[in-house]
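What follows is a single structure, written as structure tokens, with notes after it.
Protein chains: 2
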Amino acid sequence: MDALINDIEIIKAKTTKINDVDFDNLTFGKILTDHMLECDFKDGKWQAPKVVPYQPITLDPSAKIFHYGQSVFEGMKAYKDADGTVWLFRPLDNFKRLNISSKRLAIPELPEDYFMNGLKALLKVDSDWIPRNEGSSLYIRPFIFASGKGFHASPADEYKFIIACAPSGSYFSGEVKVLIEEKYSRSANGGVGFAKAGGNYAGQFYPTQLAVDKGYQQVIWTDDNTHEYIEEAGAMNIFVRINDTLITGPTSDRILDGITRKSIIELAQSKGIPVEVRKITVSEVVEAAKNGSLKEMFGAGTAAVISPISGFGYKNEDYDIPEMEDAYASFLKKHITDIQTNKSEDPFGWRYKVE
Amino acid sequence: MDALINDIEIIKAKTTKINDVDFDNLTFGKILTDHMLECDFKDGKWQAPKVVPYQPITLDPSAKIFHYGQSVFEGMKAYKDADGTVWLFRPLDNFKRLNISSKRLAIPELPEDYFMNGLKALLKVDSDWIPRNEGSSLYIRPFIFASGKGFHASPADEYKFIIACAPSGSYFSGEVKVLIEEKYSRSANGGVGFAKAGGNYAGQFYPTQLAVDKGYQQVIWTDDNTHEYIEEAGAMNIFVRINDTLITGPTSDRILDGITRKSIIELAQSKGIPVEVRKITVSEVVEAAKNGSLKEMFGAGTAAVISPISGFGYKNEDYDIPEMEDAYASFLKKHITDIQTNKSEDPFGWRYKVE
Ligand SMILES: Cc1ncc(COP(=O)(O)O)c(C=O)c1O
Ligand SMILES: Cc1ncc(COP(=O)(O)O)c(C=O)c1O
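Chains as they are written, first to last, in this note's numbering: chain A, 1 to 355; chain B, 1001 to 1355.
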């Protein structure tokens, strides 16, 4: 493997910004490391990736990313354990999902070794940037966008694949209350909701702002046809616990197949927690909140890890979800982060050592 | 007005590319003029727009356009008549729609004078680029994208508004056959389909490629829930003529409120053509094609003007729409382009003189 890592050309930054960084007070995704991976698609193929100093991107104003939203991305994290070893979590799943997203957006798929070896080379060069503090990690953002030119509404002939990294703390600060959406939607049947396509996120900003103005932090999306089924949140899949059963909706072409979600399903099952993967109606959640059987609700995603939800709004009513002892959320969060950060055994083989 | 036009700062290009351009053989949207309008949103407000030499844009890799598809655009055309006077077509409608799109995408709305005066100043500086040839025009692309930084999935704090122009010939070359879509969708109820949001276009590329591979030029989108209603095409609204009635679907939050569409409705009505604005089912179109009452089908949009459709595919069957004499498409196209290019009276007040 090492030979392949070394196959990646490295152009080192002349200076480092790391001394300006307060690693004890990291926010999310604002401070970027010294390097990035860069790889261009042109002349019909992906060119060799390179690690280069983190630097601005220069594009023609007619580059298709500015006009037609042709872009996809991924979100991953790297962790450093007590021995200084660097770990990723199921990175091949991110790679595969990136290509699934690319295909739906008519972006050429990436070779696996460009992604994996490029990522590993970058993490080696920027290894000092990987936080060791509890609750912090290096957030990794692989993304691809259309750099090819022209106003014709058709796929570009050139693309850029970049991996940039940001040492980050937690995604949410404070409690998370959600609004169950009755009007706006995130995705269509037969649309791009299952892809991590840029446009899926911008479309959520306005409805989310309306929810924030009403005192919520996030929107829970429902299906666009009836608004009767709970789908997912902005960048998290959703779990509810009714009595002792943990329930999450099935994935579909409207919903992202989250890596945290599927890991939680497996982890919970292995711990003897009853898990159901089935459609969740808004009315059963409201009913359960009313009769006290709704014990927990939480979001699950790479950025937010597991985020307990303290209440939800629906049809102008607010429902509290009181914090409980022995919550599944804290139990599962501890188990999954212990695996991620090499503090426990990894019976599932999810952890991936970067060497 | 002139004083305001002159309020726009102009920085002229040192050289011109115009002598390299073959105005008799223009394609669509590939050759850009010498200048562009540029206007930044920062510190909470839109800064004064400037006309500057057409030049590359430099952005941080964490600029939100690369990650979250936060962008909107417009498409307009400028025409030069025999006297050299420059005309736009209903430009205020484009301005208003841009702000409608921006609002849905959580992008700050633009002041009208920045848009209109900026556009007029740009057209003045690049006036020599406006083609006079029949069938050609200056395609104008106003667009706004998120230039603000950070990986948090929330609206950016900085944006760029740019207008770039490309002397262009026709959008389609050759006949247009369409595929009525049964699986994929363009937009969701409660989504962003009515906005000219970048992400709406990238999502169409893959299904369109599948259609192109089968020998069609465009997809006709249907509703994402039942796929039983005809909605619109990639960058055109759709009209069908059954017997002598011209029918187009109503706009909705899934469909772009096209300026060409609404102009055609008004124009046709004023010429005594019976027009119906109502939902169109795929089955009635198939039925009409079978029994010979489907006389015409055409797309309508700024880029494509009026594009007759020569046939459609649905459920693995192909249906021809034979060319007819006295087609509404050619009649309406002639009338609308005569108005646009100042060859006829403009009883509707649609034409807008640029001075
Ligand atoms: C829309 C959406 N849903 C769910 C998730 C969670 O997926 P994962 O656990 O793979 O990070 C994300 C974020 O990645 C997302 O963007
Ligand atoms: C999706 C879509 N529908 C319809 C149209 C036609 O609208 P207009 O006539 O305003 O150009 C366009 C292009 O502008 C479009 O992008």
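Just so you know, even glycine gets a beta-carbon here, dropped at the ideal spot from N, CA and C.
Cβ-based burial, residue i [other Cβ within 10 Å; buried from 16]
i	result
residue 94 of chain A	buried
residue 1092 of chain B	exposed
residue 1322 of chain B	exposed
residue 345 of chain A	exposed
residue 369 of chain A	No answer is possible for residue 369 of chain A: it lies beyond the span of chain A, which begins at 1 and ends at 355.
residue 1097 of chain B	buried
residue 136 of chain A	buried
residue 1083 of chain B	exposed
residue 317 of chain A	exposed
residue 1283 of chain B	exposed
residue 133 of chain A	exposed
residue 1195 of chain B	buried
residue 1150 of chain B	buried
residue 4 of chain A	Note that residue 4 of chain A scores a pLDDT of 48, beneath 50, so its modelled location is shaky; the value from the coordinates is reported in the next line. Exposed.
residue 1295 of chain B	buried
residue 7 of chain A	exposed
residue 1047 of chain B	exposed
residue 1168 of chain B	buried
residue 1064 of chain B	buried
residue 1250 of chain B	exposed
residue 29 of chain A	buried
residue 1269 of chain B	exposed
residue 118 of chain A	buried
residue 174 of chain A	exposed
Closest by C-alpha distance to residue i, when choosing among the options
i	options	result
residue 177 of chain A	A:26, A:325 and A:233	A:233
residue 1101 of chain B	B:1169, B:1043, B:1029 and B:1254	B:1254
residue 1129 of chain B	B:1146, B:1153 and B:1166	B:1166
residue 1292 of chain B	B:1302, B:1304 and B:1311	B:1311
residue 1019 of chain B	B:1033, B:1223 and B:1289	B:1033
residue 1185 of chain B	B:1154, B:1224, B:1285 and B:1118	B:1224
residue 280 of chain A	A:228, A:268 and A:313	A:228
residue 349 of chain A	A:263, A:182 and A:42	A:263
residue 1330 of chain B	B:1117, B:1267, B:1147 and B:1288	B:1267
residue 1236 of chain B	B:1125, B:1029, B:1300 and B:1040	B:1300
residue 138 of chain A	A:59, A:219 and A:124	A:124
residue 1031 of chain B	A:62, A:118, A:31 and A:10	A:62
residue 304 of chain A	A:333, A:162, A:117 and A:68	A:333
residue 1287 of chain B	B:1221, B:1314 and B:1010	B:1314
residue 217 of chain A	A:308, A:163 and A:231	A:308
Residues bridged to residue i (per DSSP)
i	result
residue 1024 of chain B	For residue 1024 of chain B, which the question treats as bridged, DSSP gives no partner whatsoever.
residue 86 of chain A	A:80 and A:354
residue 1320 of chain B	B:1311
residue 166 of chain A	A:139
residue 1301 of chain B	B:1305
residue 1229 of chain B	B:1281
residue 116 of chain A	Per DSSP, none; premise fails for residue 116 of chain A.
residue 357 of chain A	Absent from the model: residue 357 of chain A. The displayed extent of chain A is 1 to 355, so no value can be given.
Margin query: For the pair the stretch 234 to 245 of chain A and the stretch 274 to 282 of chain A, tell me if three or more CB-CB distances fall below 8 angstroms.
Written below: A contact is defined here as three or more CB-CB pairs under 8 angstroms, and the stretch 234 to 245 of chain A meets this definition with respect to the stretch 274 to 282 of chain A.
Check: Does the stretch 175 to 189 of chain A come within contact of the stretch 1048 to 1068 of chain B, defined as at least 3 CB pairs closer than 8 angstroms?
Finding: Taking a cut-off of 8 angstroms for Cβ pairs, the stretch 175 to 189 of chain A and the stretch 1048 to 1068 of chain B do not touch, as fewer than three such pairs fall below it.
Margin query: Short of 9 angstroms Cβ to Cβ, which residues in the stretch 1048 to 1060 of chain B face chain A?
Written below: Taking 9 angstroms as the Cβ-Cβ cut-off, the stretch 1048 to 1060 of chain B approaches chain A at 1054, 1055, 1056, 1057, 1058, 1059 and 1060, given in chain order.
Item checked: the stretch 1202 to 1217 of chain B in contact with the stretch 204 to 217 of chain A per 3-pair CB rule at 8 angstroms -> Contact between the stretch 1202 to 1217 of chain B and the stretch 204 to 217 of chain A is absent, because fewer than three Cβ pairs lie under 8 angstroms.
Check: Is it a yes or a no for the stretch 1142 to 1160 of chain B touching the stretch 1014 to 1025 of chain B, going by three-plus beta-carbon pairs under 8 angstroms?
Finding: No, the stretch 1142 to 1160 of chain B does not touch the stretch 1014 to 1025 of chain B.
Notebook entry, point to check: Counting pairs of Cβ atoms below 8 angstroms between the stretch 76 to 88 of chain A and the stretch 1211 to 1224 of chain B, do you hit three or more?
Noted result: They do not touch, by the three-pair rule.
Next item on the list: Take every Cβ of the stretch 1156 to 1171 of chain B, pair it with every Cβ of the stretch 1321 to 1336 of chain B, and state whether three or more of those distances are shorter than 8 angstroms.
Entry: Judged by pairs of C-beta atoms under 8 angstroms, the stretch 1156 to 1171 of chain B does not touch the stretch 1321 to 1336 of chain B, as fewer than three such pairs exist.
Notebook entry, point to check: What are the residues of the stretch 188 to 209 of chain A that lie near chain B, defined by any Cβ-Cβ distance shorter than 9 angstroms?
Noted result: Taken in chain order, the members of the stretch 188 to 209 of chain A whose beta-carbon sits within less than 9 angstroms of a beta-carbon on chain B are 188, 189, 190, 191, 192, 193, 195, 197, 198, 199, 200, 201, 202, 203, 204, 205, 206, 207, 208 and 209.
Next item on the list: Give, in chain order, every residue of the stretch 342 to 355 of chain A whose Cβ lies closer than 8 angstroms to some Cβ of chain B.
Entry: Listed by position, the residues of the stretch 342 to 355 of chain A near chain B (Cβ gap below 8 angstroms) amount to none.
Checklist line | Inter-stretch contact (C-beta, 8 angstroms, three-pair minimum) for the stretch 25 to 34 of chain A and the stretch 96 to 111 of chain A | finding: Contact between the stretch 25 to 34 of chain A and the stretch 96 to 111 of chain A is not established, with fewer than three Cβ pairs separated by less than 8 angstroms.
Check: What residues from the stretch 29 to 42 of chain A come within 8 angstroms of chain B, judged by C-beta to C-beta, listed N to C?
Finding: Cβ contacts with chain B come from 29, 30, 32 and 36.
Next item on the list: Closer than 7 angstroms, Cβ to Cβ, to anything on chain A: give me those residues from the stretch 1215 to 1229 of chain B, in chain order.
Entry: Cβ contacts with chain A come from 1224 and 1225.
Next item on the list: Taking only beta carbons into account, state which residues of the stretch 1149 to 1183 of chain B come closer than 7 angstroms to chain A, listed in chain order.
Entry: Here the close residues are 1150, 1151, 1152, 1153, 1154, 1155, 1162, 1164, 1166 and 1183.
Notebook entry, point to check: Mind listing which residues of the stretch 1089 to 1109 of chain B have their C-beta closer than 9 angstroms to chain A's C-betas, in chain order?
Noted result: Listed by position along the chain: 1103, 1104, 1105, 1106 and 1107.
Next item on the list: Using a Cβ-Cβ cut-off of less than 7 angstroms, list which residues of the stretch 1060 to 1072 of chain B approach chain A; keep chain order.
Entry: Correct list: 1060, 1061, 1062, 1065, 1066, 1067, 1068, 1069, 1070 and 1071.
Next item on the list: Give, in chain order, every residue of the stretch 111 to 144 of chain A whose Cβ lies closer than 7 angstroms to some Cβ of chain B.
Entry: Residues of the stretch 111 to 144 of chain A whose Cβ lies closer than 7 angstroms to any Cβ of chain B, in chain order: 139, 141 and 143.
Check: Does the count of Cβ pairs from the stretch 331 to 340 of chain A and the stretch 66 to 75 of chain A closer than 8 angstroms reach three?
Finding: The answer is no - the stretch 66 to 75 of chain A does not touch the stretch 331 to 340 of chain A, with fewer than three Cβ pairs under 8 angstroms.
Checklist line | Short-range partners of chain B found in the stretch 298 to 329 of chain A, where Cβ spacing is below 9 angstroms | finding: Under the 9 angstroms Cβ criterion, the stretch 298 to 329 of chain A contributes 303.
Checklist line | Residues of the stretch 1228 to 1257 of chain B with Cβ closer than 7 angstroms to any Cβ of chain A, in chain order | finding: Those would be 1234 and 1235, in chain order.
Next item on the list: Below 9 angstroms between beta carbons is the criterion; list the residues of the stretch 269 to 303 of chain A that meet it against any residue of chain B, in chain order.
Entry: Within the stretch 269 to 303 of chain A, the qualifying residues are 303.
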